[in-house]
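Working notes, structure below.
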Amino acid sequence: MTILVKRSHEEVPQAYEVDFENVTLLTILNHLKTKVDSTLTYSQGCRSGVCGSCAVRVNGHEVLMCEYKPTDGDLVEPMRNASVIRDLVVESSAVENFNRVAKAWSEESREGNVSEEAMSWIETQSDCILCTACYSACPVYAVNPDFIGPFALTRVWRYVSDPRQNQSDAKITAIQTNGIWDCTLCGECIPVCPQGIAPKQDITMLRTKSAMLGYKDPNMNFGSGLDFGSPMF
Amino acid sequence: MAKVLIIGGGGAGLVSALSAHEAGAQVIVMTKTLPTRSQTSMAQGGMNAVLGGEDSIANHMADTLKSSAGLGNESQIAFLCENGPDAVRWCNTMGLPFSRDASGEIARRRLGGASAPRACYAQDYTGLKLLHTLYDQCLKAGITFMNERFLLNIIVDEETNCALGATCLNILTGEVEEIRADSVILATGGYGALYGKHSTNSVGSTGDGIAAAIRAGARLADLEFIQFHPTALKSSSILISESARGAGGYLVDEQGDRFTDELAARDVVARAIHDEIIKSGGVYLDIRHLGEEFINHELPQERKLARLYEGIDPVSDLIPIKPAAHYSMGGIEVNDECMTSVSGLFAVGECANHKTHGANRLGGNSLLELVVFGRHCGKFAAQYGVKKPSSVVENAQLSKDTNFVHGVMYFTNQIDFYEKQEMLANIFYNNVGLVREEMGLQTVLDAIGKMHKELPLMGPKDKSKICNTNLVEFVEFGNKLELAEIIVISAINRSESRGAHYRGDVPTRNDAMFGAHTITWKEDGALCTDFLL
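Protein chains in written order, with the working numbering: chain A, 74 to 306; chain B, -10 to 522.
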């Protein structure tokens, strides 16, 4: 079959002919790198879907190369919303930056027993491998490059809803600007997640929690003309 | 304020970073990828700790000591096991989402060689969730990360034998950089990737830190001890956690019959599988009787990987397996403060030999080790930096390494190093694997010697300066080759069988002659070796 790979030095994707069936894209790229073209550049690690190194886009959809089995004519491209370093390797500072801005960490977790059920609330969210597939798929970055974004907001929800957390209000404050209200709820982040996480839903939950704490959706302000509360002179 | 440079962003590196930070040091973590992409993410089974019930710390110590086959240090093992409960509680207060039992306590499961259910876990994602929890805490602490830096060498002041920092290749820019510090911690992981497609490890587990340590004058211990995990997927060597057997999974032969105690120590089970494969052609893991609901909840990763890589569903099919290289018991020799034989150079986690695993590691003890010794090491590295701040002395390492990276581009490329790397992996699996014999080991040693000589005829084909992963892989191959020689020489010298080191030609343990650690070091470039207590 033919695999097309977008290289950073060429406009037109490079076509590689390979004679493989029912193997992962990563297996094919490793074959190409070691036997055919040593300049082909990409990231990899565990080859079992937990390290998050090998996310790319195939025919416009984010996948992990170690979990995707390609078909003839597939086009492999680097992730979006990050500058390309070389071929399929992109600049990766978004992970650190957005998690820092979002304060996506535990403030203080209490000891003592917790029910199995309560821990299951955060089971899926804490499966995140930070592959940034959701970040690449998110259309908000086209208009707001400072958007805290899906992976970091899911991480915030993971800590906010952790039954052991003592204080989570400060986390809610940290995600009001460039955070939960900037999401368009388009849901592009959901199908691309290799771990079955739904960041859009987590963002919706954070919105509800924010509203309970008295925060308002800034987009819901329809201007001064509809202010019936006070007489206008 | 002491400046501590930590090389490696896996579990051991991040725990030491938090600990050194807490001790007041300025901390820099340098890693060759991103921290969350480290090998630690692949750990599945759990972290051993005695949390009450009928289990006891004495039992945990006894199990660990027994498994170590005479090479575990009793006081180090006591330190590990006694600090287990506190280590697990510490992870819990940081937010590690442990699975829970019916009473709401942290759930524990039984792994091989353990006399009680003792491994605290988070589904089959214990390593992943530990690593991410630690990373989040490092961001909270404001720790500086220098990602995508490939370690080249430790900078050592020859006159004083003190570590001054490290040199690295900035993979993205292609520049060689120098980072100076008051103390340096190596947390670079093991060397399982030497076995290539016969290893459960990440492709990055190439032993870079251990190779740099011996070049820097540090001593290594017990490199011949490499643990083979009994159950890796047959065609891809991807790990199927021991918890599958802990939960009641069977090992069966081609006829579907059980042939061994599934929960014996890893070396014993792995050898039984090895022998059975030779005898009957294939071995399978059978977890069908555990039921779909249990498999989905406790072993979700296993099910996904078996479907993807073997095209079978463990709920209804047998899983074809083979043993694969999994964990490096050997590593950089350290004292009880985690310092190597080079002053100010520390080592922790899989790259170090804390003498807790000895000849065979117990499942669930490696995550525990990186937390317990990581906290210990970070503190001592910070204290060392305060006591002995490194002076600004001239050192030629940076210019040497800059010249090396420049010069390696002119290697002639008559021989393809990827081909040699694959050959090395295959001859290692066959001759330096589960069963070793002197003849086979000698053959491998000759092959390694030849490859060493041929290195200048190899080299990277890619001449790009920016993000040259071909260059990185070539230097990694050099590190693998450096360690390969030491492993094979150590395996030849240890003319006995003990734990993971099994000599088909000398199948018995010989405490009188070999009840000691294999210590290796370099003097003027020559490899020296000795057995020392």
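Backbone N, C-alpha and C define an ideal beta-carbon position, used for all residues, glycine too.
Bear in mind the structure is a predicted one, so any value in this text is a computation, not a measurement.
If I follow the unbroken alpha helix (DSSP H) through residue i, where does it start and stop?
{"i": "A/Pro272", "result": "272 to 285"}
{"i": "B/Ala155", "result": "First-last for B/Ala155: 151 to 159, but that is the beta strand (DSSP E), not the alpha helix (DSSP H)."}
{"i": "B/Ile284", "result": "281 to 287"}
{"i": "A/Phe93", "result": "Note, A/Phe93: premise wrong, no alpha helix (DSSP H); not H, not E."}
{"i": "B/Leu240", "result": "Taken as a continuous stretch (DSSP letters only), B/Leu240 belongs to no alpha helix (DSSP H), being part of the beta strand (DSSP E) at 239 to 242."}
{"i": "A/Phe224", "result": "223 to 233"}
{"i": "A/Val265", "result": "262 to 265"}
{"i": "B/Val257", "result": "255 to 269"}
{"i": "B/Ile404", "result": "It is not in any alpha helix (DSSP H) - B/Ile404 carries neither H nor E in the DSSP assignment."}
{"i": "B/Phe139", "result": "Unbroken run through B/Phe139 is the beta strand (DSSP E), 138 to 146; no alpha helix (DSSP H)."}
{"i": "B/Leu7", "result": "0 to 11"}
{"i": "B/Leu54", "result": "46 to 56"}
{"i": "B/Lys511", "result": "Looking at the DSSP string, B/Lys511 is not in any alpha helix (DSSP H); the run it does join, the beta strand (DSSP E), is 506 to 512."}
{"i": "B/Val304", "result": "Counting along the chain, B/Val304 falls outside any alpha helix (DSSP H), and DSSP gives it neither H nor E."}
{"i": "B/Thr82", "result": "73 to 83"}
If you follow the beta strand (DSSP E) that residue i is in, where does it begin and where does it stop?
{"i": "B/Ala314", "result": "308 to 317"}
{"i": "A/Glu90", "result": "87 to 90"}
{"i": "B/Phe134", "result": "133 to 135"}
{"i": "B/Met19", "result": "15 to 19"}
{"i": "B/Ile476", "result": "It is not in any beta strand (DSSP E) - B/Ile476 instead sits in the alpha helix (DSSP H) that spans 458 to 482."}
{"i": "B/Tyr517", "result": "Residue 517 of chain B is actually Cys in this sequence, not Tyr. Residues 515 to 521."}
{"i": "B/Leu446", "result": "Element bounds for B/Leu446: n/a, residue is neither H nor E."}
{"i": "B/Leu128", "result": "Segment 115 to 130 is the alpha helix (DSSP H) holding B/Leu128; no beta strand (DSSP E) there."}
{"i": "B/Tyr273", "result": "272 to 275"}
{"i": "B/Glu322", "result": "320 to 322"}
{"i": "B/Val(-7)", "result": "-8 to -4"}
{"i": "A/Val42", "result": "Residue 42 of chain A lies beyond the residue range present for chain A, which begins at 74 and ends at 306; the question has no answer from this structure."}
{"i": "B/Ile95", "result": "Here B/Ile95 belongs to no beta strand (DSSP E), and DSSP marks it neither H nor E."}
Pull up the CB-CB distance for residue i and residue j, whole angstroms please, since I reckon it's below 8 Å.
{"i": "B/Cys340", "j": "B/Ile199", "result": "5 Å"}
{"i": "B/Val394", "j": "B/Leu158", "result": "6 Å"}
{"i": "B/Leu183", "j": "B/Lys469", "result": "5 Å"}
{"i": "B/Asn420", "j": "B/Leu430", "result": "6 Å"}
{"i": "B/Pro378", "j": "B/Asp171", "result": "5 Å"}
{"i": "B/Asp494", "j": "B/Glu426", "result": "5 Å"}
{"i": "B/Gly560", "j": "B/Gly101", "result": "Past the edges of chain B, shown from -10 to 522, lies residue 560 of chain B, and the structure says nothing about it."}
{"i": "A/Asn172", "j": "B/Leu119", "result": "Rounded, the Cβ-Cβ distance is 17 Å, inconsistent with contact."}
{"i": "A/Glu140", "j": "B/Leu297", "result": "6 Å"}
{"i": "B/Asn150", "j": "B/Gly206", "result": "7 Å"}
{"i": "A/Val229", "j": "A/Ala155", "result": "Wrong, their Cβ atoms sit about 21 Å apart, outside the cutoff."}
{"i": "B/Ala176", "j": "B/Ile(-5)", "result": "6 Å"}
{"i": "B/Arg255", "j": "B/Gln216", "result": "6 Å"}
Practice prompt. Can you give me, in chain order, the residues of the stretch 153 to 177 of chain A that have a beta carbon less than 9 Å from any beta carbon in chain B?
Written response: Ile158, Arg159, Asp160, Val162, Glu164, Ser165, Ser166, Val168, Glu169, Asn172, Arg173, Lys176, Ala177
Item to complete: Check each residue of the stretch 222 to 235 of chain B: if its Cβ is closer than 8 Å to any Cβ of chain A, include it; give the result in chain order.
Response: Ser225, Ile227, Leu228
Fill in: Members of the stretch 443 to 462 of chain B near chain A, C-beta cut-off 9 Å
Pro449, Lys450, Asp451, Lys452, Ser453, Ile455, Cys456, Asn457, Thr458, Asn459, Glu462
Worksheet item: Using Cβ-Cβ distances below 8 Å, what residues of the stretch 113 to 128 of chain A are close to chain B?
Response: Thr114, Tyr115, Ser116, Gln117, Gly118, Cys119, Arg120, Ser121, Gly122, Val123, Cys124, Gly125, Ser126
Discussion item. By the 9 Å beta-carbon criterion, what residues does the stretch 113 to 126 of chain B contribute toward chain A?
Written reply: Tyr114, Gly116, Leu117, Lys118, His121, Thr122, Tyr124, Asp125, Gln126
Discussion item. Restricting to runs no shorter than 4 residues, where is the alpha helix (DSSP H) found entirely within the stretch 170 to 231 of chain B?
Written reply: 197 to 204
Worksheet item: Do the stretch 138 to 153 of chain A and the stretch 302 to 317 of chain B meet, that is, are 3 or more Cβ pairs less than 8 Å apart?
Response: no
Fill in: Three CB pairs or more closer than 8 Å across the stretch 16 to 36 of chain B and the stretch 54 to 68 of chain B
no
Discussion item. Give the list of continuous beta strand (DSSP E) stretches no shorter than 3 residues that lie fully inside the stretch 328 to 393 of chain B.
Written reply: 334 to 336
Worksheet item: Just checking, does the stretch 65 to 83 of chain B make contact with the stretch 160 to 169 of chain A on the three C-beta pairs under 8 Å criterion?
Response: no
Worksheet item: When Cβ atoms are compared, which residues of the stretch 229 to 251 of chain A fall closer than 9 Å to chain B?
Response: Arg231, Tyr232, Asp235, Arg237, Gln238
Fill in: Three-pair Cβ contact test at 8 Å for the stretch 194 to 203 of chain A versus the stretch 263 to 275 of chain A
yes
Worksheet entry | Those runs of the beta strand (DSSP E) which lie wholly inside the stretch 89 to 148 of chain A and span at least 3 residues | 128 to 131, 134 to 137
Practice prompt. Please confirm if the stretch 82 to 96 of chain B is in contact with the stretch 174 to 191 of chain A, defined as three or more CB-CB distances below 8 Å between the two stretches.
Written response: yes
Fill in: Residue ranges of each alpha helix (DSSP H) within the stretch 140 to 211 of chain A, 4 or longer
166 to 174, 189 to 193, 206 to 210
Item to complete: Report yes or no: do the stretch 110 to 120 of chain A and the stretch 443 to 458 of chain B share at least 3 C-beta pairs separated by less than 8 Å?
Response: yes
Fill in: Touch test, the stretch 93 to 103 of chain A against the stretch 1 to 12 of chain B, Cβ-Cβ under 8 Å, three pairs minimum
no
Worksheet entry | Interface residues of the stretch 194 to 218 of chain A facing chain B [CB-CB below 8 Å] | Ile195, Glu196, Ser199, Asp200, Cys201, Ile202, Leu203
Item to complete: Examine the Cβ distances between the stretch 215 to 226 of chain B and the stretch 309 to 326 of chain B and report whether three or more of them are shorter than 8 Å.
Response: yes
Worksheet item: What residues in the stretch 67 to 92 of chain B bring their beta carbon closer than 8 Å to a beta carbon of chain A?
Response: Arg78, Asn81, Thr82, Met83, Gly84, Pro86, Phe87, Ser88, Arg89, Asp90, Ala91, Ser92
Worksheet item: Between the stretch 430 to 439 of chain B and the stretch 471 to 489 of chain B, do at least 3 Cβ pairs fall closer than 8 Å?
Response: yes
Worksheet item: Using Cβ-Cβ distances below 8 Å, what residues of the stretch 19 to 33 of chain B are close to chain A?
Response: Thr22, Leu23, Thr25, Arg26, Ser27, Gln28, Ser30, Met31
Worksheet item: Between the stretch 179 to 192 of chain B and chain A, which residues of the former have CB atoms less than 9 Å from a CB of the latter, in chain order?
Response: Thr189, Asn190, Ser191, Val192
Worksheet entry | Cβ-based contacts, 7 Å cut-off: residues of the stretch 402 to 432 of chain B near chain A | Tyr407
Item to complete: Output, in sequence order along the chain, the residues in the stretch 336 to 357 of chain B whose CB is closer than 7 Å to any CB in chain A.
Response: none
Worksheet item: How about the stretch 106 to 113 of chain A and the stretch 436 to 451 of chain B: do they share at least three Cβ pairs that are nearer than 8 Å?
Response: yes
Worksheet item: Using a beta-carbon distance cut-off of less than 8 Å, what residues from the stretch 127 to 139 of chain B approach chain A?
Response: Leu128, Lys129, Phe134, Asn136, Glu137
Worksheet item: Of the residues that make up the stretch 269 to 290 of chain B, which ones have a beta carbon closer than 7 Å to any beta carbon in chain A?
Response: none
Worksheet item: Taking a cut of 9 Å between CB atoms, which residues from the stretch 296 to 316 of chain B lie near chain C?
Response: The structure shown contains no chain C; the protein chains it does contain are A and B.
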